[in-house]
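>
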Amino acid sequence: EQQVQQSPASLVLQEAENAELQCSFSIFTNQVQWFYQRPGGRLVSLLYNPSGTKQSGRLTSTTVIKERRSSLHISSSQITDSGTYLCAMEGNSAGNKLTFGIGTRVLVRP
Amino acid sequence: AQTIHQWPVAEIKAVGSPLSLGCTIKGKSSPNLYWYWQATGGTLQQLFYSITVGQVESVVQLNLSASRPKDDQFILSTEKLLLSHSGFYLCAWSLEGDWGYEQYFGPGTRLTVL
């Protein structure tokens, strides 16, 4: 069964600090997607990064396929960055099934 | 621009009662559609996917069923709810892009079964 491990489980930041979130996969994948889950539950797609490095604003994701891992770097954190960050991979099952990690809870303090 | 709606926003239902959750995607033609479920404190799991109208595949057996009666509509239902059905239900869509199938999620429906 394909699995996604995320670390750390939680993170407390001082506003303006940087953070690095990690994701590792039990199998090789060619599709990795990072999401932000709001406190109410809604998922916001942050970055779709099957390989290499992608950036969107203050977020940078690096995926290394052969090492079965991906990272999400948050620079200059803001209070509004608080929430849960989910990593998901698509494995080799039908239906473009995304397998999700349990997430990293981020709290940014003023 | 594409939009995805889910209804209802939240439901409180009794064990054994029927359920119907809906999802509509506007602004995209023939998208792939997906239902996901998240138990409180748990990980998101894909339940169903659909590539075309009238065709739905089950991924996880949870005593739920899904249908796609129109190109832009995806319905999740059951005739008898269980306590274990409580959680957050998310609908998603995708289209094949240069890099694969990036998925976009709706706002979700929170279901409480008592």
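Quick mapping for you: the protein sequence lines, in order, are chains D and F.
Just remember that my numbering sits 266 ahead of the position in the first sequence, which is counted from 1.
Just remember that my numbering sits 29 ahead of the position in the second sequence, which is counted from 1.
Beta carbons: idealized from backbone N, C-alpha and C, even for Gly.
Bear in mind that the values here come from a model prediction, so they are computed numbers and not experimental data.
1) Name the DSSP beta bridge partners of Ser49/F, please?
2) Under 8 Å, with one C-beta from each stretch per pair, do the stretch 349-359 of chain D and the stretch 62-71 of chain F reach the 3-pair mark?
3) State the DSSP-derived secondary structure class of Gly332/D, mapped to helix, strand or coil.
4) Closest Cβ-Cβ distance between Ala291/D and chain F: below 8 Å?
5) Indicate whether Val310/D and Gln344/D have their beta-carbon atoms separated by less than 8 Å.
6) Using a Cβ-Cβ distance under 8 Å, would Ser311/D count as near chain F?
7) Taking any Cβ of chain F, which residues in the stretch 321-332 of chain D have a Cβ under 9 Å from it, in chain order?
8) Alpha carbon to alpha carbon, how far is Trp300/D from Gln321/D?
9) To the nearest angstrom, how far is it from the Cα of Thr329/D to the Cα of Glu108/F?
10) Could you tell me if Gln31/F is buried or exposed, where buried requires 16 or more neighbouring beta carbons within 10 angstroms of its beta carbon?
11) Please list the partners that Pro136/F has in chain D, where partner means a Cβ-to-Cβ separation under 7 Å.
12) Taking only beta-carbon atoms, is Gln271/D less than 8 Å away from chain F?
13) Out of curiosity, what's the CA-to-CA distance linking Leu352/D and Val85/F?
14) Kindly say whether Gln90/F, judged by its beta-carbon, lies nearer than 8 Å to any beta-carbon of chain D.
15) According to DSSP, is Ile345/D helix, strand or coil?
16) Kindly list, in the order they appear in chain F, the residues whose Cβ is closer than 9 Å to that of Gln280/D.
17) Would you decide whether Arg324/D is buried or exposed? Buried here means 16 or more other CB atoms lie within 10 Å of its CB.
18) Span of the beta strand (DSSP E) holding Arg308/D?
19) Using only the alpha-carbon positions, how far apart do Asp100/F and Phe291/D sit?
With the structure as the only source:
1) Per DSSP, Ser106/F.
2) Contact between the stretch 349-359 of chain D and the stretch 62-71 of chain F is absent: fewer than three C-beta pairs spanning the two stretches fall below 8 Å.
3) The question names Gly, but residue 332/D is Lys in the sequence shown. Note: Lys332/D maps to helix in three-state DSSP.
4) The displayed chain sequence assigns Phe, not Ala, to residue 291/D. It does not; no Cβ of chain F falls within 8 Å.
5) Cβ distance not < 8 Å, so Val310/D and Gln344/D don't count as in contact.
6) Cβ-Cβ to chain F under 8 Å: yes for Ser311/D.
7) Within the stretch 321-332 of chain D, no residue has a Cβ lying closer than 9 Å to any Cβ of chain F.
8) Those two C-alpha atoms are separated by around 12 Å.
9) The alpha-carbon of Thr329/D is positioned some 43 Å away from that of Glu108/F.
10) In this structure Gln31/F is exposed. Its beta-carbon is surrounded by fewer than 16 other beta-carbon atoms within 10 angstroms.
11) Correct list: Arg308.
12) Chain F, which has no Cβ nearer than 8 Å to the Cβ of Gln271/D, makes this no.
13) Taking the straight line joining both Cα atoms gives about 26 Å.
14) No - not a single Cβ of chain D is within 8 Å of the one on Gln90/F.
15) In this structure, DSSP gives Ile345/D a helical state, which the three-state scheme calls helix.
16) None at all; the shortest Cβ gap to chain F is about 27 Å.
17) Around the beta carbon of Arg324/D, fewer than 16 other beta carbons lie within 10 angstroms, which makes this residue exposed.
18) Element bounds for Arg308/D: n/a, residue is neither H nor E.
19) Between Asp100/F and Phe291/D, the C-alpha separation is close to 33 Å.
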